[in-house]
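Numbering (this note's numbering), first residue to last: -1 to 563. Just so you know, even glycine gets a beta-carbon here, dropped at the ideal spot from N, CA and C.
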Amino acid sequence: MKIAIAQLNPTIGDLEKNAQMILKSAEIAAAQGALVLLTPELSLCGYPPRDLLNYPVFVDKMNHLIEDLAQKIPQNLIVCVGTVTRNVAATKQGGKELFNSVVALYNGEILAEFHKRLLPTYDVFDEDRYFEAGHESQVLVIQTDRVNLRIGVTICEDLWNDEQFWGKRSYPINPLADLMDKNVDIVVNLSASPYSLNKPGLRRSMLSYSASRYQVPILYVNQVGGNDDLIFDGHSLAVNKTGKVVAQLQGFKSDFQVLTFDQKQQDLLGDSQPLSEDENLEIWSALVLGVQDYARKCGFGQIVLGLSGGIDSALVAAIAAEAIGPSEVLGVLMPSPYSSEHSITDALQLAQNLGIQTQTLAIGDLMSGFDRTLEPLFAQTKPGVAEENIQSRIRGNLLMAIANKFGHLLLSTGNKSEMAVGYCTLYGDMDGGLAAIADVPKTRVYSLSRWLNQHSGKELIPEHILVKPPSAELKPNQCDQDSLPDYDTLDDILQRLIHDHQSPEAIAEAGHDPAIINKVLHLVKRAEFKRRQAPPGLKITSRAFGTGWRMPIAAKGIPSLTSKE
C-alpha cells in the first residue's frame, strides 16, 4: 500500500490557492497509485492563522472549500487535510468554538474528523486562545478488498509529550500512548513545526525514539515556508517500527514523496541518507527562505537596504541576493563625514561580488541642515549620542523614502546582540519591513559569513569586512567595543540570560565579570521599548525577540548582582 506526503508551503489566509495546492498534490498522489495523501497541519489556511480565526466568515469559507475539495479529489484516494472545524457542543457544554482538525476526504465525502489534543501555549504558540482540545485519540480505519489498516492520526504537538524521551511530561496525557491501546498499525502526524537551530535533528531523534518504543511506524509531514517571523523547515520524514528513518524529505523546500507500507511486515519500507548537521547551512537556508517568502507573500518584487561596509549589512545583502536574485536588490551607500574610505570601497566591492545594484547618497549636507535647525535648542549642550543618532535617522529616512517611492521591501540589518542591548537607533537603522538577522548573534554573523565564502567557493563577502573592527562610524575613530563588551563575552552572557534563563550569580560563576554582567542586564532591560517597535525578525533560535518574547516595558526586570533583594 502506498502513502503519499505533500510537504506544502501555504500562504496564510489564501484559502483558494492553498486548496488548489492540495488538489494538485492529490492528483499527483493518485497518479502514482497512493491510497492515502497526508498534508501539513492547517494546510488549508496556513499556520499560524492567529486572529483570522475570530472571523466566522473565514471559518465558513474553509468549510465550503473542504466540501468542494471532497468533490474534486480523485476517486479512491483518501486525502487528509489540515483545517479548522467547529465545536458544535460549545454552545451547550462550554469551551472554545473551534478545533484544530484533520479531515479525511474520500469519494466526495468527509470520511472522518480528527482533533488536536495537545494545544501548545508557550513561546510562539497560543493555540488555547482559539481552539478546544480534542477529547480522545482517534483512528482512521481503512477496509477494502486488499487493505485492512488502522491509522492513528495525530496533529503536531500530539507527538511531543513522551515522558521517557524528555524525562518529564508537559501535559497530563500522551496521545501516542493512547493510540497504542487502539491497536493502530501506523501513526501519522500532520504538523506545522517552526524551525529553530538543530530542531530538525531533535525532531528526528524524538520520532525515532517513539517509533522504537512503541514498535509502530510513524509518518510525519511538516509545513515548509516563511510566515512573518516564523520559518518552517519541512524535513518531513518516515520512521519504521525499529526507529530507522526510511525517508527524509528536503529541508526548506516544498517536496513530495510516496512511501510503501508493507502490510505483511506491518512496516514502512525504504532507506534514507543521514540528515545534514551543518549548522551554518541550516541557518543560511532558513534565512534565505524567510526573506524570500516574506517578500513573495507580501507582494514585494525588490529589496532595498543600507550598505555600510560592515559585516551585518554584507550578510543581509548576500541573503537578499540569494532570496530574490541580485538584480532585484538595491544597496544604498550613505557616507557621512565620519565614514572611512574603506567602508565605501568595501561596500562597493561587496555589491560587485554579489552582483547587486548600488546608489550612493552622501548625508553631510543633511547633517548640517539638522545642526542648523536644532542649534537654538541645543546651543548650551555638548554634542553626544543625540547628534550621533541623527545620522542613523537620516539614513533611515532616505531608505524609507526609496522603499515608499518604488515599493521596495526595506530590510533592516541589525543583529541579535545589538537588538538585545539596544545598540541600534529607533527610527534609524531599525527602520524596515523585515529584520533579516535580528535573531543571529554577532559571533554567528561572522561564522556564517565565513562559511558562506567557503561554501560558495568564492569571496562573496570581502575579507577586509571580516577582519576589520566593527564600528557604527557615527563619530571619529568609533568602535563597537567603546560601548560594549567584546562580542564573544557579550554573546555568551546573552545566551545564558536569554536562552538559559540563568541568574546573574550563575553567569558570574561561569567566569564573567559581575560589573559587565550588570551592565548587560541594564542594557537588555532598557532596550525593551526599542524591541517592541522593531520590524518582525526572522526566528532561527529557540528564544527570539519576536512573537514568543513577552517582556513588560515598564517593569523592574532581572535583579543585578548588587541588588539587596
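Handout entry: Length of the line joining the Cα atoms of residue 27 and residue 289
Key = 30 Å
Practice task
Using a threshold of 8 Å, state whether the C-beta atoms of residue 415 and residue 429 are closer than that.
Solution key: no
Exercise for the section: Tell me where the alpha helix (DSSP H) around residue 320 begins and ends. Expected result: 309 to 322
Practice task
Could you check how far apart the C-beta atoms of residue 251 and residue 222 are, in whole angstroms? I think they sit under 8 Å.
Solution key: 7 Å
Problem - Continuous alpha helix (DSSP H) stretch holding residue 404: start and end - result: 383 to 404
Practice task
Just the C-alpha distance for residue 351 and residue 342, rounded to the nearest angstrom, thanks.
Solution key: 14 Å
Handout entry: Minimum C-alpha distance to residue 474 - residue among 395, 381, 482
Key = 381
Problem - Where residue 563 falls: helix, strand or coil (DSSP) - result: Reliability of the predicted coordinates at residue 563 is poor, the pLDDT of 42 falling under 50, and the value obtained from them is presented with this limitation in mind. Reduced to three states, the DSSP call for residue 563 is coil.
Problem - Residues that residue 99 bridges to, as DSSP identifies them - result: 81, 113
Exercise for the section: Tell me whether residue 437 sits in a helix, a strand or coil according to DSSP, three-state version. Expected result: coil
Problem - Reduced DSSP secondary structure (H/G/I, E/B, other) of residue 4 - result: strand
Problem - Buried versus exposed call for residue 16 [16 or more other C-beta atoms within 10 Å across all chains shown] - result: buried
Exercise for the section: Pick helix, strand or coil for residue 371, following the three-state DSSP scheme. Expected result: helix
Exercise for the section: Grab me the residues of residue 523's own chain with a C-beta within less than 6 Å of its C-beta, minus the 5 sequence neighbours each way, in chain order. Expected result: 555
Exercise for the section: Please specify which runs of the beta strand (DSSP E), each continuous and at least 3 residues long, are wholly inside the stretch 215 to 245, giving them in chain order. Expected result: 216 to 220, 222 to 225, 228 to 231, 235 to 237
Exercise for the section: Please report how far the alpha carbon of residue 546 lies from the alpha carbon of residue 126, in whole angstroms. Expected result: 15 Å
Exercise for the section: Quick one: which unbroken alpha helix (DSSP H) runs of 4-plus residues sit fully inside the stretch 468 to 515? Chain order, please. Expected result: 485 to 492, 502 to 507
Handout entry: Alpha-carbon to alpha-carbon, residue 256 and residue 30
Key = 8 Å
Exercise for the section: Just tell me which of 431, 45, 62 has its CA closest to the CA of residue 230. Expected result: 45
Practice task
Please classify residue 444: does DSSP put it in a helix, a strand, or coil?
Solution key: helix
Handout entry: Where the beta strand (DSSP E) containing residue 148 begins and where it ends
Key = 146 to 153
Exercise for the section: Would you mind reading off the limits of the beta strand (DSSP E) that contains residue 285? Expected result: Per DSSP, residue 285 belongs to no beta strand (DSSP E); it is in the alpha helix (DSSP H), 277 to 296.
Problem - Close Cβ partners of residue 135 (< 6 Å) along its chain, the five nearest in sequence each way excluded - result: 173, 176, 177
Practice task
Evaluate contact between the stretch 48 to 57 and the stretch 272 to 283, counting only Cβ atoms and requiring at least three cross-stretch pairs below 8 Å.
Solution key: no
Handout entry: At least three beta-carbon pairs within less than 8 Å, the stretch 422 to 437 to the stretch 490 to 502
Key = no
Problem - DSSP state of residue 107 mapped onto helix, strand, coil - result: strand
Exercise for the section: Please classify residue 300: does DSSP put it in a helix, a strand, or coil? Expected result: coil
Problem - Within 8 Å, strictly: CB atoms of residue 309 and residue 464 - result: yes
Exercise for the section: Would you mind working out which of 297, 240, 224 sits nearest residue 283, comparing C-alpha positions? Expected result: 224
Practice task
Output the distance between the C-alpha atoms of residue 19 and residue 41, rounded to the nearest integer angstrom.
Solution key: 9 Å
Practice task
Return the residue from the list 551, 559, 506, 492 that minimises the CA-CA distance to residue 539.
Solution key: 492
Problem - residue 126: first and last residue of the uninterrupted alpha helix (DSSP H) it sits in - result: Taken as a continuous stretch (DSSP letters only), residue 126 belongs to no alpha helix (DSSP H), as it is neither H nor E.
Practice task
Within the same chain, show all residues whose beta-carbon is closer than 7 Å to that of residue 269, passing over the 5 residues directly before and after it, in chain order.
Solution key: 244
Handout entry: Cβ shell of residue 407 (< 6 Å), same chain only, five flanking positions each side left out
Key = 293, 298, 301, 431
Handout entry: From 481, 442, 109, residue whose alpha carbon lies closest to that of residue 420
Key = 481
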